[in-house]
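Everything on this sheet refers to the single structure shown next.
Residue numbers (the numbering used here), protein chains in the order written: chain X, 34 to 397; chain C, 34 to 397.
Structure follows, in structure tokens:
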């Protein structure tokens, strides 16, 4: 799809012009023809969006139903999705929605050797950024103890939909020594038992799940998450449950039940206790925080190379979540980095807990 | 408010004319002036609706904040709300929404001595009907082992908003030996510790909670439920969680956390395990049912005196929930009663589980 065609999306209210430093870009706020939401036109080239992948909730039938050929199985990492692309002399990081992410753009040179984008500027790296030092989501994989890490899981070409085939991607990952998601190999749709064993192992290791990519020209994809992931999502977000759609929680409980039913439950009582804990411990923390500080919030702590990018991140967050909901605590040089600490206010949870802890009425 | 004024509500799309056997009635589908949704005009008299009561989620502040005077504390029974009124020579039972309930109307003479409505036909009895033999909701109090029981908790007069004062109601309950909710006495707003102890006892006994009614002319009311109730609601409905708003579950988890925080937790691990069980055991049952029968449903079993009322109930349910979602299993005379057995299909849950157990994709 050509850049000029995407400009038409503006007239259909499916794209917006935006600026970021010296760059002007067109960002798709909605799907337009075959270009997904989050596709971007910048410096005359199209960087396709990364569309969401459908999930299966059952291996036994899902593999047979979804795949017509063997498929590659890769780790699904619990972080946020970015695309890294060469734009002029810069490397910019685009979020799922097509915004330029000041944090990832700032830190990209630390997280991966970007030589590949200098030598092959038509390539786009699709990656997950995860760890306790990221500014967006509350959870992170337990095996990343500090800061953030980047894991490439796909490559695209600018101005082109679709991904590089697995062998080509794998060769480039090795050639450029890029950090990548773990590839667990190539499975056939009838290898249900092997996949079940793999998912049991991933649960054990505290990993989110897998993305499966059919080894064929249609490159059909689907994902499946572990019970660990369901529990961890609830545990990590329940303290602001009113700020998320209720379906977020109910959906995860349902996924968990289906996962357990298929995997067989080794320790039934413990899984039940863990789920109860996931809900109640976080809520108990939120209640305590509300009583103590009259609000519910998370403090994020992120490292930046350039303090201007920290300011850009805060400006972006204030614009998208509301000015009063993001508050800087400090931005100071520590060693090689500038450390930004900021609070994200959970407005709905703060309001509700303040109201009911003060003795207010609720109608439902 | 006069009957004639309520007829105006039809023009504002807030009321409908309906028929039930020989009776024509006007039913408020929405609040109109001070008449709540579910108010009814029948045989020239107005039977006011029973408005929903706001809930508090914290005793320590809620009592002080809500009440300016001592208040009566009564048991909140886990059933469905009806109003019983004399209409011509009949006694009819009206649901919360203002529909005539064929089941309660049929069984009312078994459940209470209705002499009061013959002798004082301007009275309306507000009651909860609860037990495993009722056709509407899935849960019931554990202390009602079979069929249904009725518990009067308020009395109104036709053509008048508001309830009879507590002493007058209590005198009539005793005079006519009517089954009523348990009254735990009159408390002052500063008796937080006493109320806390009462709620601990109610949780222990498997009771839903309390309704508190200020002993004053403004008759302000509020309710509070036990942790038992939160768990039991989840346990009783999670097998059809897609057929209910997700907020139903999330709200109950939040109530539970607030209740536990205030009551102090005697056995932390066990409460967590119980909550996990409440979610996972019911889902596991639904998954098994879906695998076995390709659908998720509940079978209800209710006794009727007159089989025509059983047929009326099914017709009403088919109209309100969709024809395909209610299926009669049998209607047969057993001893003094006609026993109706019917299945209520949980369409959304059946559809979702069928899809995912068959290996289908979910986007969320």
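For each residue, glycine too, the CB sits at the ideal point set by N, CA and C. Small disclaimer: the values here were computed from a predicted structure and weren't measured.
DSSP has residue i in a bridge; who is on the other side?
i	result
residue 213(C)	185(C)
residue 203(C)	Its beta-bridge partners do not exist; DSSP assigns none.
residue 157(X)	118(X), 189(X)
residue 361(X)	375(X)
residue 48(C)	61(C)
residue 336(C)	372(C)
residue 126(C)	117(C)
residue 88(X)	256(X), 395(C)
residue 382(C)	BP columns for residue 382(C) are empty, so no partner.
residue 80(C)	73(C)
residue 245(X)	106(X), 255(X)
residue 218(C)	106(C)
residue 176(X)	None; residue 176(X) has no bridge partner.
residue 98(X)	Answer is none; residue 98(X) lacks a bridge partner.
residue 330(X)	378(X)
residue 162(C)	113(C), 183(C)
residue 133(C)	127(C)
residue 68(C)	65(C)
residue 366(C)	371(C)
Relative to the alpha-carbon of residue i, which residue among the options has its alpha-carbon at the smallest distance?
i	options	result
residue 143(X)	339(X), 364(X), 350(X), 385(X)	339(X)
residue 360(C)	376(C), 269(C), 227(C)	376(C)
residue 195(C)	106(C), 208(C), 68(C)	68(C)
residue 324(X)	397(X), 392(X), 76(X)	392(X)
residue 336(C)	368(C), 40(C), 320(C), 113(C)	368(C)
residue 395(C)	385(X), 76(X), 285(X)	285(X)
residue 290(X)	348(X), 150(X), 90(X), 386(X)	90(X)
residue 52(X)	370(X), 245(X), 349(X), 388(X)	349(X)
residue 364(C)	351(C), 344(C), 168(C)	344(C)
residue 75(X)	94(X), 64(X), 49(X), 85(X)	49(X)
residue 158(X)	116(X), 94(X), 245(X)	116(X)
residue 226(C)	201(C), 94(C), 247(C)	94(C)
residue 63(C)	39(C), 56(C), 57(C)	39(C)
residue 149(C)	193(C), 56(C), 373(C), 207(C)	207(C)
residue 122(C)	153(C), 110(C), 109(C)	153(C)
residue 362(X)	352(X), 314(X), 374(X), 287(X)	374(X)
residue 249(X)	197(X), 230(X), 205(X), 236(X)	197(X)
Can you list, in chain order, the residues of its chain whose CB lies under 7 Å from that of residue i, leaving out five sequence neighbours each side?
i	result
residue 125(C)	118, 133, 138
residue 228(X)	92, 96, 220
residue 171(C)	269, 270, 331
residue 358(X)	377, 378, 380
residue 155(C)	190, 191
residue 147(X)	124, 141
residue 233(C)	296
residue 218(C)	106
residue 42(X)	48, 61, 65
residue 80(X)	72, 73, 116, 118, 127, 157, 191
residue 210(C)	146
residue 222(C)	96, 97, 100
Suppose the cutoff is 8 Å on Cβ atoms and the five residues either side in sequence are ignored; what does the same chain contact list for residue i look like?
i	result
residue 71(C)	60, 61, 82, 83, 127, 128, 129, 130, 131
residue 177(C)	163, 164, 165
residue 327(C)	383, 387
residue 151(X)	119
So, under 8 Å CB-CB, residue i and residue j are touching, yes? Tell me the CB distance rounded to an integer number of Å.
i	j	result
residue 346(C)	residue 136(C)	5 Å
residue 107(X)	residue 216(X)	5 Å
residue 54(C)	residue 305(X)	So it is not a contact: roughly 49 Å between Cβ atoms.
residue 36(C)	residue 77(C)	6 Å
residue 294(C)	residue 320(X)	5 Å
residue 282(C)	residue 283(X)	5 Å
residue 167(X)	residue 113(X)	7 Å
residue 161(X)	residue 110(X)	4 Å
residue 389(C)	residue 334(C)	Between residue 334(C) and residue 389(C) the Cβ distance is about 30 Å, and since that is not below 8 Å, they are no contact.
Near residue i, which residues of its chain fall below 6 Å by C-beta distance, leaving aside the five closest residues on each side in sequence?
i	result
residue 370(X)	336
residue 311(X)	264, 267, 268
Is there at least one Cβ from chain A nearer than 8 Å to residue i's Cβ?
i	result
residue 262(X)	The structure shown contains no chain A; the protein chains it does contain are X and C.
Is the stretch 95 to 109 of chain X touching the stretch 249 to 267 of chain X, taking contact as three or more C-beta pairs under 8 Å?
-> Taking a cut-off of 8 Å on C-beta distances, the stretch 95 to 109 of chain X touches the stretch 249 to 267 of chain X, as three or more cross pairs fall below it.
At least three beta-carbon pairs within less than 8 Å, the stretch 272 to 283 of chain X to the stretch 366 to 384 of chain X | Yes: the two stretches touch, three or more of their Cβ pairs being nearer than 8 Å.
For the 8 Å Cβ check, are there 3 or more pairs between the stretch 330 to 347 of chain C and the stretch 185 to 193 of chain C?
-> Touching, no.
Is it a yes or a no for the stretch 229 to 248 of chain X touching the stretch 258 to 269 of chain X, going by three-plus beta-carbon pairs under 8 Å?
-> They touch, by the three-pair rule.
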